[in-house]
Amino acid sequence: MTNATRLSLRLTGLALFLIIWEGTGRYLGDALMAPPSAVARELVALAQDAGARETIWQSIAPALVGFAIACVVGMPMGVVMGRSPVWNALLQPWVSTFVVTSVAAIVPILILLIGTGWWFVVAVVVLSSVWYITLTTYQGAVRIERRWLDVGRSFGASRIRSFRTIMLPALFPYLLAGARIGLTHAIRSMVLAQLFIVTGIGGMLNEAGMDVSTARLLALLVVIMGIGLLASHGLGRLADWLAPWQRGLEPRR
């Protein structure tokens, strides 16, 4: 399938979705499901509202910081777990436990320990995303065959050079996959944390939920989806810049 065909099919699917949504929205009314035309007007209003733009940016900042911390912690931990049976035995039970535990269940504890400020959102983002990054990196680390490292040592490569020239290229697809999964959970948990303390985008969603019309609520959901798509695209572009040899190796979607 050519790129042009793939693009045309995607645009056709999007157009059909918007047409169905418009008809359903007009039939049900704004109170139940505002149509895309009403949501578009709210998006324009949000774009023109300086206060809303500032609130959205202030919401994104702790999510980015929390995601960066999760990567800095989770990626090395996944490598250590994958290459050391001792550390794997020590950490695997805890990682497996936290990855299936809803972060919403520990939000009250975090509020007691940290409060409801900026670092509370950061902590929620870290705790919701670091485990996925760790496990994905771990899956890549355990798949690195020892004979690859043995070949490097036979040519006199040091541990640092073996990591940089053998392990890191082999790990890169898993690092990228873990980062994308972690980024998705970071954005979700950002909204969740702000819904709890009624601030940022979460506060805007809470306020919009009180309106008679659902147009503003749906517009905010579109903004959140747009943030996620832009962040994922930016992460992909960064990966292409850091590791140009990986371009074209991912399966076409």
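Sequential numbering from 313 applies to the sequence shown in this note's numbering.
Just so it is clear, CB atoms sit at the ideal spot from N, CA and C, and this is done for glycine as well.
Just so we're clear, the structure is a prediction, and the values are computed from it rather than from any experiment.
Q) At what residue ranges does the region 359-443 contain a whole run of the alpha helix (DSSP H), taking only runs of 4 or more? A) 362-395, 397-411 and 419-426
**Q.** Endpoints, the alpha helix (DSSP H) within which residue 552 is located
**A.** 527-554
Q: Look at the alpha carbon of residue 412 and the alpha carbon of residue 553, and state the distance between them as a whole number of angstroms.
A: 33 Å
(Q) Taking only three categories from DSSP, how would you classify residue 455? (A) coil
Q: Take residue 339 and list the residues in its own chain whose beta-carbon comes closer than 7 Å to its own, dropping the five residues that flank it on each side.
A: none
Q.
Taking only three categories from DSSP, how would you classify residue 327?
A. helix
Q: May I ask you to verify whether the region 485-504 touches the region 374-389, counting CB pairs closer than 8 Å and requiring at least 3?
A: yes
Q) Using DSSP with H/G/I as helix, E/B as strand and the rest coil, what is residue 524? A) coil
Q | alpha helix (DSSP H) segment containing residue 496, residue limits | A | 480-509
Q | Nearest-angstrom Cα separation, counted from residue 486 out to residue 549 | A | 16 Å
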